Structure formats: structure tokens, C-alpha cells
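Visitor: These protein sequence lines are chains A and B, in that order.
Counted from 1, the first sequence has number 364 at position 364 by the numbering used here; the numbering is strictly sequential.
With positions in the second sequence counted from 1, the corresponding number in the numbering used here is that position plus 618.
All C-beta atoms, glycine included, are put in the ideal place defined by N, C-alpha and C.
Predicted, not measured: the structure shown is a model, and the values here were computed from it.
I have a structure I would like to understand better, so I am pasting it below and will then ask my questions one at a time.
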Amino acid sequence: MRKPVEQIEEATILFAGDSGDGSQTIGTQMTETTALIGNDVATLPDYPAEIRAPAGSLAGVSGFQLHFSSEQIHTPGDLCDVLVAMNPAALKVHLHKLRPNGILIVNIDNFARRSLRLAGYEANPLEDGTVAKYQVFQVELTRLTRKALENTDLTTREIDRCKNFFALGMILWLYNRPMDYTMRWVKTKFATKPQYVEANILALRAGNIYCEATEQFAVSYDVKPAVFEPGTYRNIEGNMATVLGLIAASHQSGLPLVYGSYPITPASDILHGLAQYRNFGVITMQMEDEIAAVGVAIGAAFSGALGVTGSSGPGLALKSEAINLAMIAELPLVICNIQRAGPSTGMPTKTEQSDLLQMFYGRNGESPIPIVAPSRPYDCFEAVYEACRIAVRYRTPVIFLSDLYIGMGAEPWKIPKLSELPEIKADFAGRDQAHGNGFEPYQRDPETLARPWAKPGTPGLEHRIGGLEKSDITGHVSYDAENHQRMVEIRAEKVARIANDLPPTEVFGAQEGDILLLGWGGTYGAIRTAVEQCVEERLSIAHVHLRHLNPFPNDLVDILKRFKRVLIPELNTGQLRQLIRSTYLIDAIGLNKVQGQPFHVFELQSKIDEILKELGHF
Amino acid sequence: MKRERTPRVKRQRTSRIPVGVPTLSKKDFESDQDTRWCPGCGDYSILAQTQRIMPELGIPRENIVFISGIGCSSRFPYYMNTYGFHTIHGRAPTIASGVKMANPDLSVWVITGDGDALSIGGNHFIHAMRRNFDINVLLFNNRIYGLTKGQYSPTSEQGKKTTSTPLGSLETPFNPISLALASGATFVARSLDRDPDHLRLMIKSAFEHKGTSFIEIYQNCNIFNDGTFFQYTEKDTKANNTVFLEHGEPLVFGAERGKGIRLNGFQPEVVETTNGDYTTDDLIVHDQYAEDTTLANFLAGMSDTLDMPHPVGIFRSVRHPCYEDAMTNQIESAKDRVGEGDLEALLNAGETWTVS
Chain A
1 MRKPVEQIEE
11 ATILFAGDSG
21 DGSQTIGTQM
31 TETTALIGND
41 VATLPDYPAE
51 IRAPAGSLAG
61 VSGFQLHFSS
71 EQIHTPGDLC
81 DVLVAMNPAA
91 LKVHLHKLRP
101 NGILIVNIDN
111 FARRSLRLAG
121 YEANPLEDGT
131 VAKYQVFQVE
141 LTRLTRKALE
151 NTDLTTREID
161 RCKNFFALGM
171 ILWLYNRPMD
181 YTMRWVKTKF
191 ATKPQYVEAN
201 ILALRAGNIY
211 CEATEQFAVS
221 YDVKPAVFEP
231 GTYRNIEGNM
241 ATVLGLIAAS
251 HQSGLPLVYG
261 SYPITPASDI
271 LHGLAQYRNF
281 GVITMQMEDE
291 IAAVGVAIGA
301 AFSGALGVTG
311 SSGPGLALKS
321 EAINLAMIAE
331 LPLVICNIQR
341 AGPSTGMPTK
351 TEQSDLLQMF
361 YGRNGESPIP
371 IVAPSRPYDC
381 FEAVYEACRI
391 AVRYRTPVIF
401 LSDLYIGMGA
411 EPWKIPKLSE
421 LPEIKADFAG
431 RDQAHGNGFE
441 PYQRDPETLA
451 RPWAKPGTPG
461 LEHRIGGLEK
471 SDITGHVSYD
481 AENHQRMVEI
491 RAEKVARIAN
501 DLPPTEVFGA
511 QEGDILLLGW
521 GGTYGAIRTA
531 VEQCVEERLS
541 IAHVHLRHLN
551 PFPNDLVDIL
561 KRFKRVLIPE
571 LNTGQLRQLI
581 RSTYLIDAIG
591 LNKVQGQPFH
601 VFELQSKIDE
611 ILKELGHF
Chain B
619 MKRERTPRVK
629 RQRTSRIPVG
639 VPTLSKKDFE
649 SDQDTRWCPG
659 CGDYSILAQT
669 QRIMPELGIP
679 RENIVFISGI
689 GCSSRFPYYM
699 NTYGFHTIHG
709 RAPTIASGVK
719 MANPDLSVWV
729 ITGDGDALSI
739 GGNHFIHAMR
749 RNFDINVLLF
759 NNRIYGLTKG
769 QYSPTSEQGK
779 KTTSTPLGSL
789 ETPFNPISLA
799 LASGATFVAR
809 SLDRDPDHLR
819 LMIKSAFEHK
829 GTSFIEIYQN
839 CNIFNDGTFF
849 QYTEKDTKAN
859 NTVFLEHGEP
869 LVFGAERGKG
879 IRLNGFQPEV
889 VETTNGDYTT
899 DDLIVHDQYA
909 EDTTLANFLA
919 GMSDTLDMPH
929 PVGIFRSVRH
939 PCYEDAMTNQ
949 IESAKDRVGE
959 GDLEALLNAG
969 ETWTVS
């Protein structure tokens, strides 16, 4: 007899184990399957900086959290319904994330005394009451996988590497998901190694059948598809959306894409992603250092290509002199900063939003540079495309300020139609722009103040640019006092005028009233979820999420003034808040977290409650 | 003179001026900006020889790009009536690489100095050499920082007293030729600011070489390091202290061309060829096209040894694939293999689902 199925609205699952245990793989598989079924889904990979920390150690624990729902969701979830702990260290690191009465699945074969000691457990937590408030399922994952694969030709070591698929098989059963997506993936992944295809599928099936057969699991759960706008969807990670956005900008503008980079977490996936698309004419160059990486992008831009470089905070520090060169030379350039926790090397695999002021101010002299930030994984596509549009239209470097949380997170994406993408027009200077006085490389467009983009190879437009201050219009080297003041002002005005080009700012929730939550970047999901709950409770609370951080939208000041309090939640110590306070003289309040982890929704809710209380609402 | 012989000419991609287009003169390559080097600076000669040789290269002016870093030499692009980019300290090779990659039809020239290329830009220099873009790098070596008023540079001799080393420099200098060879450079040459004919020949040879061409130019800074190379460049001492490298020819030098370089064990040795002890048959014969770099390295090392003449000319000229061609090949073969990129298909790739 089939076991009963219980309908639920949403679930959050966390897979955790040693970094070699394959938690990221099965997390991704569960995400893809769940997205294909039609749930909304959000993910949070959380892994160590070490490739293989000592087996069984706390430092080596790698986790993958996913949240799926029959409703629209914006975050990977605060607390988990299910924790799969492949060893005691995973249990130790992640148990606090499991909700009371949540499901805890442990690989009991890994709970020998030595493993317990490695994880810092004096006594077995499965026996001493540590896990008493959870539904515990002790599963002999290693032994059962070995049993299921005993007729294969694989070594024990190879067989043990399949046990993550046994665990995945269990979770797919628990949430009534089909196995066929994963089977298709395994067949493609191991196309040249059929023995691994067979083994992983055997393990997957064994895990699935185990849950069906054993009396331990009495019920399974189902989450109905969410209601999405009509369209074609796929699941996408933020960095992959960035890759697609850059290729789309190259394609739509007709400019060849030259991406210079140097390996760095968490931006390397953009380099890996773009390197796959040579057939789109994409040129990726892994350079000798961060400076060379931005150097080739600047050179390519001078030559008339879409020059792009990508890195994270430490790399941006090295690039700053070259970015300033592109700024004064007024060349289009896109700089992707996938932020991670700093300062210095900081915590390379953890998220933070602490590079905002570095991007704003981290260059010598007066150096205004537009900044565009994506708000969620799929939004990286549109945001980086917008960065390219601004760079080309205004002939300026533009910073695309993403972060690890959205760069590595995944969610369903409604694939845009090409016809919906904004125009990007390169508009190169032609021979006709040379006249009596020769060519004037700093003669500007009266509307945008952009200077001509005159690429080498164009007859009659031979000219020289460089980092020395240039005379207005002629572009000759100039140390003239008045000219320098004028040029500094023009460069600032050019960036300020981008605001005239921006759509009205969307205010979600109350249009005026008590509290405005003002956010930027990867905090979108947590803020939106908290504000949605407030809106349901009919509180006069709103959410504005800034896509453009420099310049700010023209209508922002009016919006800010319509609320009694402005709350700025950030994963830093108050960087946007400092900018808002100094720009608008508004006494904004901060909610600041620097733990390498995203906000939990409850953290925002309790801050909102605190402010409401102070306003006399309770 | 024998040494004026043009080396083997390589195929080049930079488009030629179409037939019927008026030929250009030196004047066409002079910009309207006043040159602002100190009177008597060796840079003037290098600029003049470059402007003189450009019309002979047969490429349209608009296809020429000069890119520099920072330092006295790096003001050079402002004085050339071509496309130019005066960039930041040490980084010119990276920007030149990007320019060439985005448009391989351009003739790209990097102008740099000993501080710019070998100190702050040392990393980019060695990697530019090994990548082998079809670009030309002219390093003006004056063994001093001129623009910042006379500090020692990475090519200054050990013990040199300068504003920043009043008691003498503690460092062993770089030999730029050895460094370029060790980095895998495919064309390596040395020339002199005070030998215009030779300098023009080297610039032209660099242009004709397909791949990264590197020329170290001994350049006099008459303000902060006057005469540092005079024994190799001045009429009365040059013949005895400089050996001009010619492919297939023995290493002969000296006022009467009566001296030569012989291999004694693993060491170079100066011998007389006029007193009957040795003939030119005993001398090392230069082979600039050798794939193996042993000879080139050996010759480069001569300038580290006291009492040996400094070799001038082409140390090495070999043909290796260029980065930009290899990249273009990857792009073309990817298009052949999986078809020209289709953006609509790319966005819709992988597992998708439709909501209606």
C-alpha cells in the first residue's frame, strides 16, 4: 500500500557533509528537479575556502540549503525542515538551523568515536539528548550504498562516493519528486564513464526504495507548483546570469566581448562560463594578475570592443588605478565585483556587501563612476546588461556590484525575449568627424556629455589619450588651472546625468507612512519577504531596492521624505546609510550584519517591530 | 656595410596601403605637440628614427597605435601623429595586448623604459614576451629614473650612487635581453640611440617579425646619467666595445675588424684575428634563427661580463604562433564545431519549462 502524502506549502532542506561528500551536487540536483516541477526555489550554497579540509573536521563542512514553495519566495529560508548530516561535523555546524521537530537524517555509519572526536563531540549527540527535539532518522547510508552497488566493478572507494545519490534518492522520495531529471543529468555528466552512470543511478534508486520500504518513513510530502507569470523558465545561478547578460549585451550592441580576468572566488565562474562561448566570438583572457586583466579590457575598449573585467574586493583594490585611467580617458568599460567578506583576504567563500564605499571612493582624485547592483540571482542578467548600456552610452567605466550570495545562489528565471532588451548603440565616430582643426576627441554629445568613441583604424581620427589631464575639446595635455576644474566638473556632471535616463523608482507596499526599508544588492529577498508580511498585516511599511547606487535615482529624495523612518539593512556596517545621510541629510537607521551570512527574515522583522514600538504602534 | 643587410622578411598581416594612395613622409608622423624632453636627450633620436621609418613600413597611419606607460620615454605617443594611448606605470603591455586582441589588423607599438618595463611592470613584461602577440616593444634603457629626478633603476649597475642610494645601490641589475629570452620572446634585439641607421633597421626588422618583438635601446640621459653607454655608442670607443650581430657571420669587431669572439670551453673569449693565432674560422658564427636559445643567451650574457664587447643587433628571431591568431582559430573552430552562437538558443538552453 502506498504511504500517505501530506500537502504542504513550502519546505527548506539543508544537505551537509564533508567537502568531498557531494552536498553541492545533490543540492543542485534537488534544485533543478524542484524548479522543473514548477515550485519557486531559492538556494544558499555554503562551503569552506579549503578545497579538501581534513576529512571529518568542522572546517571541512560543506552545506547546500534550498527553499521551495508553492508561493513566490525570495530567500533560501531561515530555519530548515530537513537536515541531511553526512557526518558528526556537519551535524555540529548546522544543527542550530533545524527547526524544532524538523527531520534530521544522519549517516550513522560515520558516527564512530573517531569522527565524533574530530567534530568535537565528547559523547554521541544521537544518544545524549542533543537531538531530542527533532525527528531523527538514523540511516546506514554507507553500508546500504555498498550493498546496493555490490555487483558493480567499482572499488569500495568509488562506491562510497555514490552515497550522496543515495541520500538524494531519499529526499526525492520524501518530497515526491521524480528521479528522471537527475538520471538524465548523470547520463550526460558521466557520458564517457558508463560504470559511474550505472552506479549513481543504482544508489539513487536504492535511496528512494529504502524510504518506500522502511517503516521509519511513514509519510511523504508534496509541494504544489507555484503560480508564475506566463513564460518560459529555467533555473539559473547569479554568475551564470551575469555570463548570459554580458553575451547578450555584446550580441545586441554588435561589439565583440573581451573579458580579462584573474582567478578569484567568487568571480571565477564568470570566467569559466564565458570561456565556453567562443562560438559567440567571446574572447576570455586569463591574465597574469588583476591589473593585467583590467588592462586588456581597457585596451580592447580603446580598440572598439566591449571590454569587461571581473573580480572580487581584493582584485578591485589592485585594479583601481587602471579603472581610474578608463575614467579619465572616458572609455566604456564594465567591471564586475562579486563581493565577498573582507577586509583583506577576509572570508573568501562567505558573502558581504562591504565594498560599496570602495567602489564609490576607492580611487585617487575626483573619480565618479556609475554603480549598478543586481538584487537576486536572475537579476544579474538585467543588471549587467544595464551596466554595459551605461558604459557604452556614456563612455565611462561602470561597476556591476554583485555579491557571493546572489552570484552563487540559484532560482527560476523567466527567460526574456530578445526584443524586450534595451538598445545598446556603439555609435563610433566616423571619418566625417575630422574637420579643419583635425579631430577633437573631447568634443561632447550635448545631451549625455559622452565624448566620441574613435577607434584606431578609422582614417582621419588619429588622436592621443592618456592619464594626464586633457584640454577640453582638443584633448591635448593640459595643466591649465581653469581647464582642470572644468574637466573635473564635466566628468561629474556626465555621471550625474545618467539619472535622467532611469525609470521611476518602484515603491513596494505603502506609498507613504511609517517605515521605508531601503536596500541594495543581495538583501532584496530577505527585505521583500519581511515587508510582504508587514503589508499583509496592513502596516504602513514600504520597500525600495536600489538598482542604481551612483547616481541615485532623481525621485529617491521625495520617496525618502514620505516616511517617518528610513531603515537601511546592509551586510556591512552602514555604507549605503552613510551615503544616504550625507547626500540627503536624512537620519536613516541601519540594520547591519557582518557574519558572512545573509539576513534572516526574522532579524528584519524584529528591527521593524522595534521601530514601530518606538513610533508608538504597540 | 654588411650589417645593413635586411634580415629575412616574415609574412605580416597589417594591411598595406592600397596602390595609388600617396606615400607618407616623416612629417606625416609628427604630431602638432611640442616635444618636451630635455635638450640633448637620446629620446629625440629614437623619435626621429621612428618617424622616419614609419612611412617605409607601408601601412596606413590610422592602423598604427603607440601605447606607453609612465616615464620620460612614455611621453612618446603624444609626439606621433598616429593613434596613441599614454597609460599608467608599467601596464602598457597589458593595454597593448587588449588593443591587438580586439583588432589584430592594427600595428601596435609599446614604448617603455627600464623602470616602467622591468620594475613596476616586470610582471607584465615577462608575460607579454611569452604570450607572443604580434606587437613591438621598444625599451629605452637609460639605467636611471629620469622623470622622478635620478633614482637608480633595475638596470643601474651595482654600487651606483643616486639620490635614493647615496651610498651606492645594493642590487644586481637586470639584463633586459636575458630576461626577454628567458621569458620566451621570439624576437630580441638591441640597438643604440646614437646609431640612427642601425636603429631604423632594428625597428623595421621588429615590425617585419610576426610575434612579440623586443628591442632594448641604449639611450643616454644627459641630465641624470650622462654617458652611461658612451663606450658602446661613441665613435672613438664604439668599435672596440660593441660587436654587431649579423646572421650567418662570425662575431668580428674592433677598429680594424681585427678582433673576434671565440668559444673557449663554455666561455666567450676575445681573440685577435690579425696576428696569425686565429682566423675568422675560429670565431662563433651567429644564428639568429636558431630555435634553441643557448647561443642567444650566451651572447646576451656577454654584456654582464666586464671587458667583453656588448652585442648589438638581433639576438633571436623565430616564428611561433601568435596569441591573437590562436584565439581567432579557437573562435573559428568553435563556430565550425557547434555553429555560430545563437543568443535566443543560449538563453533557452538546458532544462526549461513553460507556464501558460
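Would you say the beta carbon of Ala85 of chain A comes nearer than 6 Å to a heavy atom of the ligand GDP?
Guide: As presented, the structure is devoid of all ligands, the ligand GDP included, so that no description of it is given.
Visitor: So if I threshold CB-CB distances at 7 Å, which residues from the segment 709-740 of chain B count as touching chain E?
Guide: The question asks about chain E, but that chain is absent: this structure's protein chains are A and B.
Visitor: Skipping 5 residues on each side, what residues in its chain have a beta carbon closer than 8 Å to that of Glu622 of chain B?
Guide: Residue placement at Glu622 of chain B cannot be trusted, given a pLDDT of 43 that sits under 50; the coordinates are not used to answer.
Visitor: Three or more C-beta pairs closer than 8 Å, one from the segment 87-107 of chain A and one from the segment 175-186 of chain A: is that the case here?
Guide: With the cut-off at 8 Å, the segment 87-107 of chain A and the segment 175-186 of chain A do not touch.
Visitor: From the DSSP output, in three-state form, read off Asn235 of chain A for me.
Guide: Asn235 of chain A: strand per DSSP, three-state reduction.
Visitor: How many Å lie between Phe618 of chain A and Glu610 of chain A at the Cα?
Guide: When rounded, the distance between both Cα atoms is 10 Å.
Visitor: List the residues that DSSP assigns as beta-bridge partners of Phe684 of chain B.
Guide: Phe684 of chain B pairs with B:Gly702 and B:Trp727.
Visitor: So with Cβ pairs under 7 Å, would you call Tyr649 of chain A a contact of chain B?
Guide: The first residue shown for chain A is 1 and the last is 618, placing residue 649 of chain A beyond what the model contains.
Visitor: In three-state terms, what does DSSP make of Leu449 of chain A?
Guide: Reduced to three states, the DSSP call for Leu449 of chain A is coil.
Visitor: Once you ignore the five residues that flank Asn793 of chain B on each side, which residues in its own chain have a CB closer than 7 Å to its CB?
Guide: Closer than 7 Å at the Cβ level, and outside the excluded window around Asn793 of chain B, lie Ala918, Ser921 and Asp922.
Visitor: Between the C-alpha atoms of Gly733 of chain B and Met408 of chain A, what's the straight-line distance to the nearest angstrom?
Guide: Spanning the two alpha carbons is a distance of roughly 42 Å.
Visitor: Excluding the 5 residues preceding and the 5 following His476 of chain A in the sequence, name in chain order all residues of the same chain whose CB lies nearer than 7 Å to its CB.
Guide: Here the set comprises Lys470.
Visitor: Leaving aside the five residues before and after Ser250 of chain A along the sequence, list all residues of the same chain whose C-beta is less than 6 Å from its C-beta, in chain order.
Guide: Correct list, in chain order: Leu257 and Leu306.
Visitor: For chain A, check one thing: does any of its Cβ atoms lie closer than 7 Å to the Cβ of Val627 of chain B?
Guide: Below a pLDDT of 50, predicted positions are generally treated as unreliable, and Val627 of chain B, at 42, falls in that range; the measurement from the model is reported next regardless. It does not; no Cβ of chain A falls within 7 Å.
Visitor: Using only CA atoms, which one of A:Gly169, A:Leu461, A:Asn124 and A:Leu576 lies nearest to Tyr361 of chain A?
Guide: It is A:Leu576.
Visitor: Looking at the structure shown, is Met287 of chain A part of a helix, part of a strand, or coil, going by DSSP?
Guide: Met287 of chain A falls in the coil class under three-state DSSP.
Visitor: At which residues does the beta strand (DSSP E) containing Cys336 of chain A begin and terminate?
Guide: Start and end: Leu333 to Gln339.
Visitor: Out of B:Arg654, B:Ala666 and B:Gly660, point me to the one whose CA is closest to Glu583 of chain B's CA.
Guide: Residue coverage of chain B in this structure runs from 619 to 974, which leaves residue 583 of chain B outside it and unanswerable.
Visitor: Do Ile159 of chain A and Leu172 of chain A have their C-beta atoms within less than 7 Å of each other?
Guide: Taking 7 Å as the Cβ cut-off, Ile159 of chain A and Leu172 of chain A do not qualify as a contacting pair.
Visitor: So Val243 of chain A and Ile270 of chain A are in contact, right, with Cβ under 8 Å, and what is the actual spacing, rounded?
Guide: About 6 Å; that satisfies the 8 Å criterion.
Visitor: Lys425 of chain A: buried (16+ other C-beta within 10 angstroms of its C-beta) or exposed?
Guide: When all chains shown are included, Lys425 of chain A counts as exposed.
Visitor: Can you confirm whether the segment 268-286 of chain A touches the segment 313-333 of chain A when touching is taken to mean that 3 or more C-beta pairs between the two stretches lie within less than 8 Å?
Guide: As far as the Cβ criterion goes, the segment 313-333 of chain A does not touch the segment 268-286 of chain A, which means the pair count is below three.
Visitor: Would you say Leu961 of chain B reaches chain A, if we count a Cβ-Cβ gap shorter than 7 Å as a contact?
Guide: Yes, because at least one Cβ of chain A sits closer than 7 Å to the Cβ of Leu961 of chain B.
Visitor: Taking Thr182 of chain A as part of the alpha helix (DSSP H), name the residues at either end of that continuous run.
Guide: Where Thr182 of chain A is concerned, the enclosing alpha helix (DSSP H) stretches over Asp180 to Lys189.
Visitor: How is the alpha helix (DSSP H) around Ser115 of chain A delimited, first residue to last?
Guide: Ser115 of chain A -> alpha helix (DSSP H) spans Arg113 to Leu118.
Visitor: Quick one: which chain B residues come within Cβ less than 7 Å of Phe228 of chain A?
Guide: By Cβ distance, chain B contributes Val973.
Visitor: Can you tell me which of the three DSSP states Phe360 of chain A falls into?
Guide: Note: Phe360 of chain A maps to helix in three-state DSSP.
Visitor: Please return the same chain residues whose Cβ sits closer than 7 Å to the Cβ of Pro422 of chain A, not counting the five positions on each side in sequence.
Guide: Result list for Pro422 of chain A: Arg389, in chain order.
Visitor: What in chain A is Cβ-close to Pro678 of chain B, meaning under 8 Å?
Guide: In chain order: Pro459.
Visitor: Starting from Ile399 of chain A, follow its DSSP beta bridges and name the residues at the other end.
Guide: The partner list for Ile399 of chain A (beta bridge, DSSP) reads A:Ile335 and A:Ile371.
Visitor: Can the beta-carbon of Ser691 of chain B be found less than 7 Å from the beta-carbon of Ile729 of chain B?
Guide: It is a contact, given that the beta carbons lie within the stated cut-off.
Visitor: Please list, in chain order, the chain B residues whose beta carbon lies closer than 7 Å to that of Phe280 of chain A.
Guide: By Cβ distance, chain B contributes Gly959.
Visitor: Could you check the C-alpha separation between Leu58 of chain A and Thr25 of chain A for me, to the nearest Å?
Guide: One C-alpha to the other measures close to 20 Å.
Visitor: Suppose you measure from the CA of Arg629 of chain B to the CA of Thr804 of chain B; what does that come to, to the nearest Å?
Guide: Only weak support exists for where Arg629 of chain B lies, its pLDDT of 44 falling under 50; the coordinates are left without a value.
Visitor: Apart from the five residues on each side of it in sequence, which residues of its chain come closer than 7 Å, Cβ to Cβ, to Val296 of chain A?
Guide: Taken in chain order, the residues that qualify are Val258, Gly260, Met285 and Met287.
Visitor: Check Asp21 of chain A in the structure and name its three-state DSSP category.
Guide: Coil at Asp21 of chain A, not helix or strand.
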